[in-house]
Amino acid sequence: MSKKSLSSRMPWYRAEFDLEGLGFGALALVLAIILGGLHWILGLIFMIVLAIILLASRDTERTSPSAANLVLAPNDGVIESVSSVAPPRELRWDTPEVIRVRIASSPFSANGVRAAITGNVESFLIEPGAPATLAFDAEDPNLREAFILISSESHAVGVRVATGGTGPRLDVNLESGDGVRAGRKIGVRRLGGWSDVFLPVGSEVSLEPGMSVIGGETVLSDLSEVEQSATTASEPLMVPEPVVEETPAEPEPAPEAPVAEETAEPVEDAAVSDAEVETASAEADAASDKKTSKKS
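Below you can see the structure in the form of structure tokens.
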């Protein structure tokens, strides 16, 4: 009889930590023990640092729905707003208006960033922001941001992931042309922030502001009934061709008579006249010779 796996025996236990976070956490624990022997306040400080490091490196496994055309939440958090806006220019999405679902995540949320839809990455851009800024506004220009445009066979969905504060808090491992699957982890965002999901016009969002979402599992929208939105970064805008008015063709001039035919007769006349002149001159010479012979 085979043994049950840990996930089947304890399905609620799905937490995991980044190796980088575990390394810094172990260092903070050692310092807390050593310095705590000198003074308890130093030990307490490094225990707080250990707790922050573990929160920043905490993630969890997720089981995503497999239905096609589903748009999933990229991060854990709370719905902050649902509104119609123009897409950010960083997405390179050729459409005038989209529906934005904004999700706010606390510092205690899991740090995984997950793909919102299954498809190919059309464009990817990271804005570094100001590394020493602690921001509390989603529109702060100093935020570190990642802009991702993913297109499926019939739709396109944009994602903006933002975070503020010091340290390497946002890291997304993508390139243009990569294939992604909805719910799969594509990066890390530590200690919370904001996530904007941009949907094509006509998408229905059943969630209301204030509702909690789980990254990689909560369905934000189903695009099955939405008209195809194939305008993505890789496709040029369809510009209508200008209408050219047809003008009546001008009548062609009558062909001129060939030059050879006009000059043929004068050439023959010139040839005949020269022959007559030579004959006449010959007869005149002969006549003059006869006169001369008679006189003599």
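Here the numbering used here = 1-based position in the sequence shown + 12.
Cβ atoms here follow ideal geometry from the backbone N, Cα and C, with glycine treated the same way.
This one's a predicted model, so the numbers in the text were calculated from it and none came from an experiment.
query = Which residue comes first and which comes last in the alpha helix (DSSP H) that contains Ala40?
reply = Leu31 to Leu50
ask   = Can at least three beta-carbon pairs, one atom from the region 99–118 and one from the region 63–82, be found at a separation below 8 Å?
value = no
task = Please say whether Arg70 and Gly228 have beta carbons closer to each other than 8 Å?
result = no
request  = Leaving out five residues on either side along the sequence, give the residues of the same chain with a beta carbon under 7 Å from the beta carbon of Glu216.
outcome  = Ser233
key: Glu139 - containing beta strand (DSSP E), residue span   = Gly131 to Glu139
message = With the cut-off set at 8 Å, would you say Glu139 and Arg112 are in Cβ contact?
response = no
Coarse secondary structure for Ala68, derived from DSSP in three states = helix
request  = List the residues that DSSP assigns as beta-bridge partners of Val110.
outcome  = Val97 and Pro212
inquiry  = Beta-carbon within less than 6 Å of Gly37's beta-carbon, same chain only, minus the 5 sequence neighbours each way: which residues are those?
reply    = Leu62, Ile65 and Leu66
message = Does the contact criterion of 3 or more C-beta pairs under 8 Å hold for the region 121–135 versus the region 185–200?
response = yes
request  = In the DSSP assignment, find the beta strand (DSSP E) that holds Ala174 and state where it starts and stops.
outcome  = Ala168 to Thr175
ask   = By the 10 Å Cβ neighbour count, where 16 or more other Cβ atoms means buried, how is Ile45 classified, buried or exposed?
value = exposed
Identity of the residues DSSP links to Arg201 by a beta bridge = Leu182
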